[in-house]
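Number of protein chains: 2
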Amino acid sequence: MAKGIQTIRETQTSAGLAQALDHFGRRWALRVIWELRSEALNFRALRAACDGISPAVMQARLHQLRDLGLIEQIPGLGYRLTAAGEQLFRIMAPLAEWAESHLE
Amino acid sequence: MAKGIQTIRETQTSAGLAQALDHFGRRWALRVIWELRSEALNFRALRAACDGISPAVMQARLHQLRDLGLIEQIPGLGYRLTAAGEQLFRIMAPLAEWAESHLE
DNA sequence: GGCAAGTGCTACAAAATACGTAGCAAAAAT
DNA sequence: ATTTTTGCTACGTATTTTGTAGCACTTGCC
Chain W
388 MAKGIQTIRE TQTSAGLAQA LDHFGRRWAL RVIWELRSEA LNFRALRAAC
438 DGISPAVMQA RLHQLRDLGL IEQIPGLGYR LTAAGEQLFR IMAPLAEWAE
488 SHLE
Chain X
388 MAKGIQTIRE TQTSAGLAQA LDHFGRRWAL RVIWELRSEA LNFRALRAAC
438 DGISPAVMQA RLHQLRDLGL IEQIPGLGYR LTAAGEQLFR IMAPLAEWAE
488 SHLE
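Chains W and X, in that order, are what the protein sequence lines are. Sequential numbering from 388 applies to the first sequence in the working numbering. Sequential numbering from 388 applies to the second sequence in the working numbering.
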């Protein structure tokens, strides 16, 4: 049997990370976090910021992100990042810079 | 009209970032990058690493990531990260740490 | 009060995407 | 030469996303 590539991974990806990457690997998930970066937005404003994403999908993403504890809904205000959400944003900020320089 | 929330965003998300977030917001895209973090993997090994993702989807992701210049295919070796891909990985590594600590 | 506008959110059919399995042609290993 | 392994395609099914319409509720205003 060939060596090197085909051998079983010693360090396999943890379930937690796989789960996280699965959540973030859904459409608009990262974008929603990004759009809430500087200010709270209500449902319709958030939808507009995300290129008019379907309200059903927005609703689904908001639920998931809320379950993850990344965003919270403030009755008179709209949606905004929690402390954990802001921390995540700070982490993905360099990713934005990367995108700016590597994609036209 | 209410003020603050509903006003039009001063700084709107750039097209490049929107594009990048759209690419990464596809299933398995980030995961594939992650699995190639330390070593090259061939098609089948990469598929196995990604929980047995469908070959059609894997093929699609590989094409897209190759078009983005993040991975490259080496004939006898398999797929591996390009310099840009490794740079992206270095950026998303903290995100992995974050996921480990914030999700069970 | 009453009316208009804005709100979060749901419904639903159509399109796109992902899944799961089977299998093929070419290369590699034996 | 035969077996194994490889990258990859095909295809029917399930899931997700899209796009549009609209409902029930609150908010601002006269």
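Heads up, the beta-carbon is just placed ideally off N, CA and C, and yes, glycines get one too.
Asked: Among residues of its own chain, excluding the 5 on either side of Gln459(W), which ones have a beta-carbon nearer than 6 Å to its beta-carbon?; Found: Residue identity check: residue 459(W) is Glu in the sequence provided, not Gln. Answer for Glu459(W): Thr469, listed in chain order.
Asked: Between the segment 470-490 of chain X and chain W, which residues of the former have a C-beta closer than 8 Å to a C-beta of the latter?; Found: Ala471, Gln474, Leu475, Ile478, Met479, Pro481, Leu482, Ala483, Trp485, Ala486, Glu487, His489, Leu490
Asked: Can the beta-carbon of Arg467(W) be found closer than 9 Å to that of Glu426(W)?; Found: yes
Asked: Smallest Cα separation from Leu457(W): which of Ser441(W), Ala405(W), Arg418(W)?; Found: Arg418(W)
Asked: Closer than 7 Å by beta-carbon distance: list the chain X residues that pair up with Gln451(W), in chain order.; Found: Within chain X, no residue comes near Gln451(W); the closest Cβ sits about 12 Å away, beyond 7 Å.
Asked: Indicate whether at least one CB of chain W lies closer than 9 Å to the CB of Gln393(X).; Found: Reliability fails at Gln393(X), whose pLDDT of 40 lies under 50, so the model's placement of it is uncertain and no value is given.
Asked: Which residue marks the beginning of the beta strand (DSSP E) containing Gln460(W), and which one marks its end?; Found: 458-461
Asked: Does DSSP classify Gly403(X) as helix, strand or coil?; Found: helix
Asked: Based on Cα-Cα distance, which residue from Gln446(X), Ala405(X), Gly465(X) lies nearest to Cys437(W)?; Found: Ala405(X)
Asked: Can you name the residues of chain X whose CB is closer than 8 Å to the CB of Arg414(W)?; Found: Asp409, Gly412, Arg413
Asked: State the Cα-Cα distance for the pair Leu408(X) and Asp409(W), rounded to the nearest angstrom.; Found: 14 Å
Asked: Over the uninterrupted alpha helix (DSSP H) stretch that includes Gly472(X), give me the two end residues.; Found: 470-489
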